[in-house]
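Input: a single structure, listed below in structure tokens.
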Amino acid sequence: MNGVMRLRKYEEFEDDAGRMRRYLRMPSGGLVALDADVASDVQVARWAWVDPGARVSEGVRINSYAWVGAGAVVGPRAHLGTGAHVGRGAVVGEDAVIGPRAQVGAGARIEAGAVVEPEARVPEGAVVTADGVRLAAA
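Just so we're aligned, residue 1033 is where the sequence shown starts under our numbering, counting upward by one.
Below, the structure written as structure tokens:
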């Protein structure tokens, strides 16, 4: 055999609707859905997930146990802390920070450069701005 053979590791899971979803295990241990659009330099830590249809831009760091929901968009150089959750269809702007165990509700928008404090909960459809406004845990 002339050439290089690459071993890819896949995991399959059943979603809430009973469909089988296939994920690629990244070298760092995280799981990325095959139909997610993830830049090649994104760091997906062990036990972190990127769900189907999500888009994750260059330079993003997704720490352990963090989860990017289906159809969510994470902009360049954003950082998701350990255990953070970005809900279905939410948008996280470039250079934004989602603190450890923070939750961004479905369809919410975190503007570029905004910070969501650790353990904060951003309601579904809410907007967090970057003009010094920080959403803190309740």
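Built from N, CA and C at the ideal position, the CB exists for glycine as well.
CB-CB under 6 Å to TRP1079, same chain, minus the five flanking residues each way: which ones, in chain order? So the list reads SER1096, TYR1097, once near-sequence residues are dropped.
ARG1087 - DSSP class collapsed to helix/strand/coil: Of the three classes helix, strand and coil, the one that applies to ARG1087 here is strand, per DSSP.
Candidates GLY1157, MET1052, VAL1082: closest to MET1058 by CA position: Comparing Cα-Cα distances from MET1058 to each of GLY1157, MET1052, VAL1082, the minimum goes to VAL1082.
First through last residue of the beta strand (DSSP E) which encompasses ARG1054: Its beta strand (DSSP E) spans residues 1052 to 1057.
Three-state secondary structure assigned by DSSP to TYR1097: Correct three-state label for TYR1097: coil.
With H, G and I counted as helix, E and B as strand and the rest as coil, what does DSSP make of ALA1081? In the sequence on display, residue 1081 carries Trp and not Ala. TRP1081: strand per DSSP, three-state reduction.
Per-residue burial, GLY1062 [other beta carbons within 10 Å of its own, 16 or more giving buried]: Counting C-beta atoms within 10 angstroms of its own C-beta, GLY1062 has 16 or more neighbours from the protein chains shown and is therefore classed as buried.
So for GLY1113, helix, strand or coil by DSSP? In the three-state reduction of the DSSP assignment, GLY1113 falls in the coil class.
Of the choices ARG1087, TYR1042, GLY1119, HIS1117, whose alpha-carbon is the least far from that of GLY1107? The closest CA to that of GLY1107, considering only ARG1087, TYR1042, GLY1119, HIS1117, is found on ARG1087.
At what residues does the beta strand (DSSP E) containing ALA1065 begin and finish? 1063 to 1065 is the extent of the beta strand (DSSP E) around ALA1065.
Local conformation of ARG1153 per DSSP, three classes: DSSP places ARG1153 within a strand segment (E or B) once states are collapsed to three.
What's the C-alpha gap between ALA1158 and VAL1124? If I take the Cα positions, the gap works out to 12 Å.
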